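If you're matching positions, the sequence shown starts at 1 in the numbering used here and goes up one per residue. Even glycine gets a Cβ: it sits at the ideal position worked out from N, Cα and C. Source: prediction; values computed, not measured.
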Amino acid sequence: MVNTESTQDTSLDELMAEGPPGLWKREGVRSSAIATLSTVIVFGGIITLVVTSPNWDRVKAQFFSREDFIDSWPRVLKGFWINLELFAYSTVSVAILALLIAVMRSLRGPAFTPLRIMATVYTDLFRGIPLVLLIYLIGFGLPALQIQGLTNSAKFWGIVAMTLSYSAYTAEIYRSGIDAVPESQRSSARALGLTQWQSLRFAILPQAIRNVIPALMNTVVSLQKDVALLSILGIREAVREADIYKGRTFNYTSYIAATVLFLLISIPLTRYVDWFTARDRRRRSQAPV
């Protein structure tokens with residue numbers, strides 16, 4: 001009969017003899033093996049469930065046709081460059097307008113009350129309107145007015161709609177960073193003779209923006225995907241091109257092509273945001289109190 005206590009004591013003595021590095025290495029190997037096995041089981045089960053379903057062959061022909069993927073890829077790729085163009089313009093305009101709104105809400109004193117009210121109404125209004133509805137209202141409503149001097153370009157009004165919606169959310173991110181800066185920083189700046197605007201410009205905003213960079217980058221990831229909603233204005237970007245191909249062939253594989261393109265951008269961008277956030281967290285934890 002094996003002496004269990006003796007065996008456990010021997011194993012413990014061996015681990016203690018190896019020291020912490022040996023213990024950590026063995027635990028790391030064990031954790032990696034469990035993680036790999038559980039991942040294989042879960043994803044293997046999902047794949048098996050899908051490919052063994054009764055209608056898998058029909059779904060595969062409709063969504064994963066190799067021929068249709070190759071045929072639709074050039075058109076969808078050409079449209080995706082328009083997505084990137086819309087994303088770039090929207091990102092810049094959102095960053096500028098949101099910062100302006102946040103600064104207006106952060107100004108103090110009775111003289112700035114009208115600006116604070118305007119900024120508050122703006123954020124409440126555009127955060128309360130669903131993005132899709134705002135795209136319809138801006139993209140179809142304003143061009144229909146035929147206002148002299150304003151373009152009827154769907155791209156322009158699409159960017160305007162994205163900017164109005166996302167700047168309302170982003171302004172609150174900026175404002176949270178401004179509010180997180182200790183009040184002593186503002187008081188010190190004013191004590192040095194700086195005006196309220198100079199205090200914001202040189203003392204408050206640099207710290208506030210640095211504090212909210214991870215949150216801002218997550219907003220960029222969301223914006224990159226949501227520009228696809230502008231397809232409802234008729235802009236021939238990736239999703240619109242995929243929809244046109246689907247209407248012509250009655251095959252949905254073109255949507256998979258568009259999905260692949262968005263994933264090729266969003267996944268690396270998301271991983272970078274996670275890396276940057278982790279690095280920022282480590283930096284803050286190591287900063288002197």
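Presumed contact (8 Å Cβ cut-off) between residue i and residue j, rounded CB distance
i: I82; j: E237; result: 4 Å
i: A208; j: A180; result: 7 Å
i: D226; j: L142; result: Not confirmed; about 20 Å, so no contact.
i: K63; j: I244; result: According to the sequence as given, residue 63 is Phe; it is not Lys. With 8 Å as the limit, F63 and I244 do not qualify as a contact, their Cβ atoms being about 17 Å apart.
Cut-off 6 Å between Cβ atoms - residues of its own chain near residue i, not counting five sequence neighbours on either side
i: E241; result: R75, V76, G79
i: S106; result: I178
i: F43; result: none
i: M1; result: Note that M1 scores 46 on pLDDT, short of 50, meaning its location in the model is unreliable; the coordinates nonetheless yield the value given after this. Cβ neighbours of M1 beyond the five flanking positions: none.
i: A228; result: V239
Reduced DSSP secondary structure (H/G/I, E/B, other) of residue i
i: P74; result: helix
i: F250; result: coil
i: E27; result: helix
i: S65; result: coil
i: E109; result: Just to set this straight, residue 109 is Gly in the shown sequence, not Glu. Of the three classes helix, strand and coil, the one that applies to G109 here is coil, per DSSP.
i: G234; result: coil
i: T195; result: coil
i: S153; result: coil
i: I129; result: coil
i: I101; result: helix
i: I47; result: helix
i: P114; result: helix
i: T91; result: helix
i: Q185; result: helix
i: N83; result: helix
i: L145; result: coil
i: R282; result: helix
i: N218; result: helix
i: T123; result: helix
i: T52; result: coil
Nearest-angstrom Cα separation, counted from residue j out to residue i
i: G234; j: W275; result: 37 Å
i: N218; j: L263; result: 15 Å
i: A171; j: I96; result: 10 Å
i: S153; j: Q146; result: 12 Å
i: L84; j: P268; result: 15 Å
i: T113; j: S285; result: 38 Å
i: A301; j: R271; result: Within the shown structure, residues of the chain are numbered from 1 to 289, placing residue 301 beyond reach of any answer.
i: T259; j: I34; result: 31 Å
i: W324; j: S184; result: Beyond the ends of the chain as shown, which are 1 and 289, falls residue 324; an answer cannot be given.
i: V273; j: P206; result: 20 Å
i: V29; j: P182; result: 45 Å
i: R282; j: I129; result: 37 Å
i: V40; j: L133; result: 42 Å
i: K60; j: A98; result: 44 Å
i: M118; j: P110; result: 14 Å
i: L164; j: L100; result: 12 Å
i: T151; j: K246; result: 31 Å
i: T48; j: P54; result: 12 Å
i: T4; j: E27; result: The predicted model places T4 with a pLDDT of 46, which falls under 50 and marks its position as unreliable, so this point remains unresolved.
i: S188; j: Q148; result: 49 Å
Under 8 Å between C-beta atoms of residue i and residue j
i: R186; j: I204; result: yes
i: V221; j: S266; result: yes
i: I138; j: V121; result: no
i: I232; j: D280; result: no
i: A102; j: R210; result: no
i: A168; j: R201; result: no
Residues near residue i by beta carbon distance below 8 Å, same chain, minus five either side
i: T253; result: Q62, F63, F64, S65, D68, F69, S72
i: L223; result: F87, S90, T91, V94, M162, Y166
i: R190; result: Q196, S199
i: L125; result: A168
i: V50; result: W56
i: L194; result: F202, A203
i: A144; result: none
Same chain, Cβ closer than 7 Å to residue i, five either side skipped, listed in chain order
i: L115; result: M104, L107
i: T7; result: Residue placement at T7 is poorly supported in this model, since its pLDDT is 48, which falls under 50; the coordinates still yield a value, given next. Contacts found: none.
i: N251; result: Q62, S65, D68
i: I46; result: none
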